[in-house]
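Quick note on numbering: UniProt numbering labels position 297 of the sequence shown as 297, and the sequence is numbered without any gaps. Ideal Cβ placement from N, Cα and C applies to all residues, glycine included. Heads up, the thing below is written out as structure tokens.
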Amino acid sequence: MRNKILWNLYSIRKFEALLKKKQFRGKRVVKKILKKLIPDFADDLTVKTKHGYIFKINPLTDKGIERKIYEFGVYEEGTLWCFNHIINRNDVVFDVGANIGLTAIHASRLTGRNGKVFAFEPLVSTYDLLLENLKHNNVKNVIPINSALSDDDGVGFIFENLHINRGAASLIKNSKTAGKEVKKEKLDNFIKNFDIENIDFLKVDIEGSEIPMLKGSMQYFTTPKKPIICIEFSREVKSDYNADMLYYILKEKFRYDIYKQKNGKDSLTPLIKVKGLEDLPNHDNLYCFQEYHYKKVSKKLFYKKELRA
């Protein structure tokens, strides 16, 4: 029965936090009522987030996005804020590493019904949850793709890392779990096969496989119109490549200006410029722009003194 009940967790959690700061007569009774409104810590919950999205979550199983949604009613609010100032109506968005669908569904709202979001999620169990959440939100402009983008076409193996979280599943081999077979394809070939003329925004979060994915996109990145990129940069995630190499490819090879959020992806703070290796975060998103991108994004996205510095 629990999974049939829709919980607006953000509103409940916000009221709960406010309640802790106040002293008033009857507070104990209010706390008891509030406790009854909060769903038990268990899997198979259907909840509503701060942004009004309906999600099936398994916070007991997943220590990442699903548990954060259970605890706070929102996840990476700063990332979604940046999307608000980057994605425009009718845009074509590629969400590479879509997980359970939060960023894909948020992007679908921003692009409107005439825009398109291609959501790539190779792990079948997560992909199935993605499909459920697309259905819950009546999303029509997201095209789910059950494959991984990499540097070759064929079959690979993905390794779950549930001891970390669901989103930590990776094509990088580990010794803790057996790999599960997944389809792999190059972005260059996917674009050709689907006759895609352009990508306006590319979000990449694929747990250490970012460089192979970019290697499979080299032909596309020689074209004059490149996408705005949001890509996870991490010195913490296991990878076959040095994390600094990702910065080198984006900055030196593809000639992007690179930014990060001033206070990280959970904060509602604008972007500041990454001027060198010393400015790179330990684990956060990088935002990458070409000269011609600045006119199409909101100026609120940047600190004025940092813009194109």
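Which listed residue (the options) has its alpha carbon closest to that of residue i
| i | options | result |
| --- | --- | --- |
| Ile-172 | Asn-114, Val-237, Val-155 | Val-237 |
| Gly-64 | Asp-44, Glu-210, Val-30, Asn-99 | Asn-99 |
| Asn-133 | Arg-166, Phe-190, Ile-57 | Ile-57 |
| Asn-141 | Arg-235, Ala-17, Thr-111 | Thr-111 |
| Asn-137 | Phe-83, Gly-52, Gly-179, Ile-211 | Gly-52 |
| Glu-252 | Gln-290, Ile-272, Ser-150, Arg-235 | Gln-290 |
| Ile-54 | Val-139, Arg-113, Asp-40, Lys-180 | Val-139 |
Exposed unless 16 or more other CB atoms sit within 10 angstroms - verdict on residue i
| i | result |
| --- | --- |
| Ile-33 | exposed |
| Gln-23 | exposed |
| Asp-257 | buried |
| Arg-2 | The predicted model places Arg-2 with a pLDDT of 43, which falls under 50 and marks its position as unreliable; any figure quoted below should be read in that light. Arg-2 should be labelled exposed. |
| Arg-308 | The pLDDT assigned to Arg-308 is 49, lower than 50, so where the model puts this residue is not dependable; a value taken from the coordinates is nonetheless given after this. Classification for Arg-308: exposed. |
| residue 319 | With the chain represented from 1 up to 309, any question about residue 319 goes unanswered, as that position is not in the structure. |
| Glu-210 | buried |
| Arg-166 | buried |
| His-106 | buried |
| His-293 | buried |
| Lys-184 | buried |
According to DSSP, residues forming a beta bridge with residue i
| i | result |
| --- | --- |
| Asn-161 | Beta-bridge pairing links Asn-161 to no other residue. |
| Asp-95 | Ala-119, Lys-203 |
| Tyr-241 | Bridge partners of Tyr-241: none, in fact. |
| Lys-273 | Tyr-259 |
| Phe-302 | Leu-271 |
| Val-182 | Gly-156 |
| Tyr-287 | Cys-230, Tyr-259 |
| Ser-170 | Phe-159 |
Proximal residues to residue i (C-beta, below 7 Å), its chain only, five neighbours per side dropped
| i | result |
| --- | --- |
| His-85 | Val-297, Ser-298, Lys-300, Leu-301 |
| Lys-295 | none |
| Gln-219 | Asp-188 |
| Lys-192 | none |
Neighbourhood of residue i by C-beta distance below 6 Å, restricted to the same chain and skipping five residues each side
| i | result |
| --- | --- |
| Phe-94 | Phe-118, Ile-199, Leu-202 |
| Asp-195 | none |
| Lys-226 | Gln-290 |
| Ile-5 | Because Ile-5 carries a pLDDT of 45, less than 50, the predicted location of this residue cannot be relied on, and the following value inherits that uncertainty. No residues qualify anywhere along the chain. |
| Asn-146 | Tyr-127 |
Start-to-end residues for the alpha helix (DSSP H) that takes in residue i
| i | result |
| --- | --- |
| Leu-214 | 210-215 |
| Asn-263 | Premise fails: Asn-263 is in no alpha helix (DSSP H) and is neither H nor E. |
| Leu-129 | 124-136 |
| Asp-188 | 187-193 |
| Thr-111 | 102-111 |
| Thr-61 | It is not in any alpha helix (DSSP H) - Thr-61 carries neither H nor E in the DSSP assignment. |
Residue i - containing beta strand (DSSP E), residue span
| i | result |
| --- | --- |
| residue 395 | With the chain covering only 1 through 309, there is no way to say anything about residue 395. |
| Thr-46 | 45-48 |
| Lys-32 | Per DSSP, Lys-32 belongs to no beta strand (DSSP E); it is in the alpha helix (DSSP H), 27-37. |
| Ser-234 | 228-234 |
| Ala-148 | 148-150 |
| Ile-57 | 54-57 |
Cβ-heavy atom distance, residue i to the ligand HEM, below 7 Å
| i | result |
| --- | --- |
| Pro-144 | The ligand HEM is absent from the structure shown, which contains no ligand whatsoever. |
Cβ neighbours of residue i in the same chain (closer than 8 Å, five flanking residues each side left out)
| i | result |
| --- | --- |
| Pro-281 | Phe-233, Lys-260, Gly-264 |
| Val-274 | Tyr-247, Ile-258, Tyr-259, Lys-260, Leu-280, Leu-286 |
| Thr-61 | Asp-43, Leu-162, Arg-166 |
| Leu-19 | Lys-27, Val-30, Lys-31, Leu-34 |
Interface flag, residue i vs chain D, CB-CB below 8 Å
| i | result |
| --- | --- |
| Phe-289 | Of the protein chains in this structure there is only one, and it is not chain D. |
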